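Here the structure is laid out as structure tokens; the discussion comes afterwards.
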Amino acid sequence: MKPIVIVGMGLAGACTAWHLWRQGVPFRLVDRGRPGSSQVAAGLIHAVTGKQCAVADDFEIRRDEAAQFYQNCERESAHTFWHELEVVRLLDPIEFEKKKHKFAQGAASHWVRDIVVDRRWPDAVAVLLGGGARLDVPKFLFATQEFFGARGCYEEGEIVAPVADAMTLFCEGSRGLIHGNPIPWRHRCARGEILTVSAPGWKQQRLVTGKGWLLPLGGDVYKVGATYEWDDLERGPSPEGLLRLMQMARSLGGDQFEVIAHEAGVRPILRKSQPVAGMLADDVYVLNGLGSKGSLYAPWASRQLVDLIVNAVPLDSSLSVTEYFANLPEQT
Ligand SMILES: Cc1cc2nc3c(=O)[nH]c(=O)nc-3n(C[C@H](O)[C@H](O)[C@H](O)COP(=O)(O)OP(=O)(O)OC[C@H]3O[C@@H](n4cnc5c(N)ncnc54)[C@H](O)[C@@H]3O)c2cc1C
């Protein structure tokens, strides 16, 4: 087999590297050393999402795989980055009346632990849900870089074209999609902003979701997010974003908090949060389009890619980049 070069060490590249390592296949993991979307991501994994309170059909199976994968990485790297979380989903009472059947039967009901009225949110119904988790993504990437750096398989550098006499795996995130690398993409990348705040009075240990989310990190520090913008992707944190995030912080946590950090990143989106992977040309492979669910989908999608390359196991058709291009609607 030709030598393998992974381009980019966000969630996609890092998870690919761990799978190759476990299969005993040598590789070079190369990253340009500038933070991608993974360095900003809150790393949330939770079952009941969006306005519709929907649960993805594959949620449970992907979540189980992700939990096992990251916990194995924790053991191998001797770092901790996987945290199980209880989730509170807030709904206003009218919305709750419309959706309560979803919490009583069907996919969402599987995750419901209780339905309560809490004095912290007097105007909302709080649905307590299991199955939530947080991947501390920057720490996972730090541990990955440290682990593979110590074994001589990580290096800093930029690779702009397929490497001669090697298999090149492009895991470039939104940068690859926007710059059309290694091929032109029809992307829907979305910029997102996120706050880190200190709030000693909130005393919240659960992930709170509703209009936005509030994530406890421990030590009275929380992340609050996130915004979605499809224009002006190169723009960093904005004053409008800050106002929206402060509103979310007030409604989910309370009035008393201090902003510690305000960051922005670009989610790599091709078709919502459904990634694509596979072979683009001889010795040229890709894994991209993790959208807003990189922590959940990267372990599964990268395992599929590695199984294709190393063991010639065909990809799940829902992931296949060939199928993706074959089914792209005509552009009007
Ligand atoms: C505000 C915000 C909040 C989010 N919250 C969550 C969340 O709660 N849960 C969740 O699961 N996901 C979340 N996401 C989404 C998550 O960040 C992405 O799904 C995931 O990080 C994408 O990973 P990636 O490896 O594809 O891309 P990236 O993280 O962008 O990694 C790509 C890497 O490749 C490097 N690179 C690019 N081109 C080259 C090159 N030519 N040569 C060398 N290196 C190169 C880049 O520098 C970067 O390090 C969030 C995103 C944002 C913006």
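Take any residue in the sequence shown, note its place counting from 1, add 724, and you have its number in this note's numbering. Note that CB positions come from ideal geometry on N, CA and C, so glycine has one too. These numbers come from a predicted model, not from an experiment.
Would you say the segment 890-897 touches the segment 973-981, given that touching needs at least three Cβ pairs under 8 Å? No, they do not touch.
Inter-residue spacing [alpha-carbon to alpha-carbon] between residue 927 and residue 938: The residue given as residue 927 occupies position 203 in the sequence shown. The residue given as residue 938 occupies position 214 in the sequence shown. If you draw a straight line from the Cα of residue 927 to the Cα of residue 938, it is about 12 Å long.
Which of the three DSSP states is assigned to residue 958 in this structure? Taking the sequence shown and counting its residues from 1, one reaches residue 958 at position 234. Three-state result, residue 958: coil.
Own chain residues within Cβ distance below 6 Å of residue 962, not counting five before or after: As a working note, residue 962 is residue 238 in the sequence shown. Nothing listed; no residue qualifies.
Quick one: is the Cβ of residue 759 within less than 8 Å of any heavy atom of ligand 1? By one-based count along the sequence shown, residue 759 stands at place 35. Yes.
Do residue 812 and residue 841 have their beta-carbon atoms positioned less than 9 Å apart in this structure? Taking the first residue of the sequence shown as 1, we reach residue 841 at position 117. Taking the first residue of the sequence shown as 1, we reach residue 812 at position 88. No, the Cβ-Cβ distance between residue 841 and residue 812 is not below 9 Å.
Residue 986 bridges to which residues according to DSSP? The residue given as residue 986 occupies position 262 in the sequence shown. Bridge partners of residue 986: 919.
On the three-state DSSP scale, how would you describe residue 943? Locating residue 943 in the sequence shown gives position 219, counting from the first residue. It is coil, neither helix nor strand.
Out of 837, 729, 769, point me to the one whose CA is closest to residue 750's CA. What you label residue 750 is simply residue 26 of the sequence shown in a count that begins at 1. Closest by alpha carbon: 729.
Touching or not, the segment 846-866 and the segment 799-817, by the rule of three or more beta carbon pairs under 8 Å? Under the Cβ criterion (8 Å, minimum of three pairs), the segment 846-866 counts as touching the segment 799-817.
Three Cβ pairs or more, each shorter than 8 Å: is that satisfied between the segment 997-1014 and the segment 1024-1036? Flag = yes, the segment 997-1014 and the segment 1024-1036 touch.
So, with DSSP's three-state summary, where would you put residue 970? Residue numbering aside, residue 970 sits at position 246 when the sequence shown is read from its first letter. Reduced to three states, the DSSP call for residue 970 is helix.
Looking at C-alpha atoms only, which residue of 746, 761, 732 is the closest neighbour of residue 992? The residue labelled residue 992 in the question sits at position 268 within the sequence shown. With distances taken between CA atoms, residue 992 lies nearest to 761 out of 746, 761, 732.
I need the boundaries of the beta strand (DSSP E) containing residue 811, first residue and last residue. In the sequence shown, the residue the question calls residue 811 occupies position 87. Boundaries of the beta strand (DSSP E) harbouring residue 811: 806-815, taken from the DSSP string.
Counting C-beta neighbours from all protein chains within 10 Å, is the total for residue 804 16 or more, i.e. buried, or is it exposed? Position 80 of the sequence shown holds residue 804. Around the beta carbon of residue 804, fewer than 16 other beta carbons lie within 10 angstroms, which makes this residue exposed.
Compute the minimum distance between the beta carbon of residue 856 and the heavy atoms of ligand 1, and state whether it is under 8 Å. For the purposes of this step, residue 856 is taken as the residue at position 132 of the sequence shown. No.
Do residue 917 and residue 888 come within 9 Å of each other at the CB atom, strictly closer than that value? In the sequence shown, residue 888 corresponds to position 164, counting from 1. In the sequence shown, residue 917 corresponds to position 193, counting from 1. No. Outside cutoff.
Would you say the beta carbon of residue 786 comes nearer than 8 Å to a heavy atom of ligand 1? Your numbering for residue 786 matches position 62 in the sequence shown. Result no, Cβ not under 8 Å from ligand 1.
List the DSSP bridge partners of residue 1012. Position 288 of the sequence shown, counted from the first residue, corresponds to residue 1012. For residue 1012, which the question treats as bridged, DSSP gives the partners 1000.
Cβ-heavy atom distance between residue 765 and ligand 1 below 8 Å? Numbered from 1 along the sequence shown, position 41 holds the residue referred to as residue 765. Yes.
Selection from 794, 964, 771 that minimises the alpha carbon distance to residue 784: Counting from one through the sequence shown, the residue named residue 784 turns up at place 60. The candidate whose alpha carbon is nearest that of residue 784 is 771.
Would you check if the segment 866-873 and the segment 738-756 touch, i.e. whether three or more CB-CB distances between them fall below 8 Å? At 8 Å Cβ cutoff, the stretches touch.
Is any heavy atom of ligand 1 found at a distance shorter than 8 Å from the C-beta of residue 762? As a position in the sequence shown, residue 762 is number 38, starting the count at 1. At least one heavy atom of ligand 1 is found less than 8 Å from the C-beta of residue 762.
Contact between the segment 1035-1047 and the segment 999-1007 (3+ Cβ pairs under 8 Å): Contact between the segment 1035-1047 and the segment 999-1007 is present: 3 or more CB-CB pairs across the two stretches fall below 8 Å.
Give the range of the alpha helix (DSSP H) segment to which residue 793 is assigned. In the sequence shown, counting from the first residue as 1, residue 793 sits at position 69. Counting along the chain, the alpha helix (DSSP H) containing residue 793 begins and ends at 783-801.
Considering only the alpha carbon of each residue, which of 1051, 882, 953 lies closest to residue 753? Reading the sequence shown from its first residue, position 29 is the one you call residue 753. With distances taken between Cα atoms, residue 753 lies closest to 882.
Distance cut-off 8 Å: residue 797 Cβ against heavy atoms of ligand 1: Here residue 797 refers to the residue found at position 73 of the sequence shown. Checking the Cβ of residue 797 against ligand 1 gives no.
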